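First comes the structure, then the notes that go with it.
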Amino acid sequence: MSKNYNLLIVDDEEYLRTILEGELGEAEEFNVDTAADGGQAINKIQAKVYDVVLLDIKMPRVSGIEVLQFVQEYSPTTQVIILTNYADVKTAIQTIKLGAYDFIAKPYDIDELLNTIHRAIERKQLYIDNKLMKSELSRKTGSNELIGQSPRFLKLIESATRFADSDSFVLIQGASGSGKELIANLVHRRSPRNNRPFVAVNCASIPDSLLESELFGHEKGAFTNAYTTKQGLVEVANGGTLFLDEVGDISPSIQPKLLRFLETGEFRRVGGTNLLAVDVRVVCATNKDLREEVKNGRFREDLLYRLNVVTLQVPPLSERKDDIPILADYFLKRKSKLKTPKKLSGSALDLLMSHDWPGNIRELEHVLEGAVLLSAGEEIEPSDLSMYFHRSDEIAIKVDSETGVDASGHPLSLEELEKVHIERVLKENNYSRNKTADVLGISKKTLYLKIKRYGMKVED
């Protein structure tokens, strides 16, 4: 087993530090550091992300209580286990109220200590998982499984699995909705880091002014409303995998900082002076041609070389249509609330197979979700799908531009009207996002989110 977890022993008694370091160092899962006093401990915590701190409560100058309070503010995911000769209930209650995970009295039993450390690590992981789950639920509702049997799909899975064993950077290329994040997650799950966090960041959906803070964190008072110190997502991902989705949308001002982090594994929080080090594997994804972005001066060439160690190309659904039947069956089972899921009629499947799917798998999922709700019988017929399909690349609902009604005379919702309007402006501006955003009076990032939300086809 590789050494996955960082431990810091803080005790002013050299003999106890040495004994603990030796006993815990024998466990192959731990990287063990030591500090002789609270001041040293704070310096080390500022320079490295620890999973667990074993902390003596009674020390000269900077006490264990002060170190505990610092950890709570500076590195809140780090778990603290108190070691002390003063095993009184009052001290125990005080430290646990301040955020310590547990309290062990000296002389300690090594098996008890190891069990406590393992439980503390589990608690940290639960904390991180809960934090990630809350952020994921706010942005992601799609399938989390890789489904397919076409030769191109199986070759992609084989390549992703083969690359998973190394720590090399991986760049995943593919259109929006094609399943790039699922491939990134597969790389993580098949890697030696699979028991550590998988942290996904959509770089296009976070404003430039906030992205640096989201990635690298910030110190208290670094900017307006920075009332507390915040850990960045690179710290949350420590030991695991950091997935940077739509990396091609990172602004030129942040690209040098990302490059430095990729080269050294070190970073500074916004407003901070201390260098922090983490151990993460970075996987990136983009729907852009990054070489073209380099030519146009929007992406650093040295950053591209750093990211482009291993490349995985995710095919669009239009190039893996053999997978449509199995994908459709999966989504129908997933979306149906009946004991016996609805099926596609032969003619309905033919209609799905004939569509170009500019929104890829995400579009297929949404179409079938709507069809499940609309269909009255046990089988989904072409009539249940007709409202979603259109000839060529025209918009799905025929609209009267003056009255805002569909072909049946029914008024369109605001969302439908917005989609129609954005589609029209995109087409009038040759699908230039910059020009379209200017005409619509919105930011490029807002336009990107709306394009992704409505599953529009955009020719970059």
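With the first letter of the sequence shown counted as 1, position 25 gets the number 921 in this note's numbering; the numbers rise by one all the way through. For glycine and all other residues, C-beta sits at the position ideal for the given N, C-alpha and C. Remember, predicted model here, so these are calculated numbers, not experimental data.
query, result
"For isoleucine 1338, does the three-state DSSP call read helix, strand or coil?", "coil"
"Mind pulling the alpha helix (DSSP H) runs of 4 or more residues that sit fully within the stretch 1170 to 1254?", "1186 to 1191, 1197 to 1203, 1220 to 1231 and 1242 to 1250"
"Taking contact to mean 3 or more Cβ pairs, one atom from each stretch, closer than 8 Å, check whether the stretch 1128 to 1147 and the stretch 1084 to 1104 are in contact.", "yes"
"Bridge partners for alanine 943 per DSSP, in chain order?", "Beta-bridge pairing links alanine 943 to no other residue."
"With distances taken between CB atoms, is the gap from leucine 903 to tyrosine 946 smaller than 8 Å?", "yes"
"Who pairs with histidine 1114 in a beta bridge, going by DSSP?", "Lys1126 and Val1166"
"Could you please give the first and the last residue of the uninterrupted alpha helix (DSSP H) stretch that includes threonine 1160?", "1151 to 1160"
"Locate the alpha helix (DSSP H) running through isoleucine 1102, then write down its first and last residues.", "Segment: none, isoleucine 1102 is in no alpha helix (DSSP H) and carries neither H nor E."
"Out of Asp1185, Leu1138 and Pro1103, point me to the one whose CA is closest to valine 1083's CA.", "Leu1138"
"Roughly how many angstroms separate the alpha carbons of isoleucine 1347 and glutamine 936, rounded to a whole number?", "51 Å"
"Which residue or residues does DSSP assign as beta-bridge partners of leucine 950?", "Ile905 and Ile977"
"When the Cβ atoms of the stretch 1191 to 1210 are set against those of the stretch 1228 to 1247, are three or more pairs found closer than 8 Å?", "no"
"Our contact map puts leucine 1392 next to glycine 960 with C-beta atoms below 8 Å; I'd like the distance itself, whole angstroms only.", "Residue 1392 lies beyond the stretch modelled for the chain, which goes from 897 to 1356, so this question has no answer here."
"Would you call the stretch 1218 to 1235 and the stretch 1259 to 1269 touching, i.e. three or more CB-CB distances under 8 Å?", "yes"
"Ignore the nearest five residues each way along the sequence and tell me which others in glycine 1167's own chain have a CB closer than 6 Å to its CB.", "His1114, Glu1115 and Ala1118"
"Are there 16 or more other CB atoms within 10 angstroms of the CB of leucine 916, so buried, or fewer, so exposed?", "buried"
"Distance, Cα to Cα, valine 1176 vs alanine 943?", "16 Å"
"Check whether the stretch 1209 to 1227 and the stretch 1072 to 1086 touch, using three or more Cβ-Cβ pairs below 8 Å as the test.", "yes"
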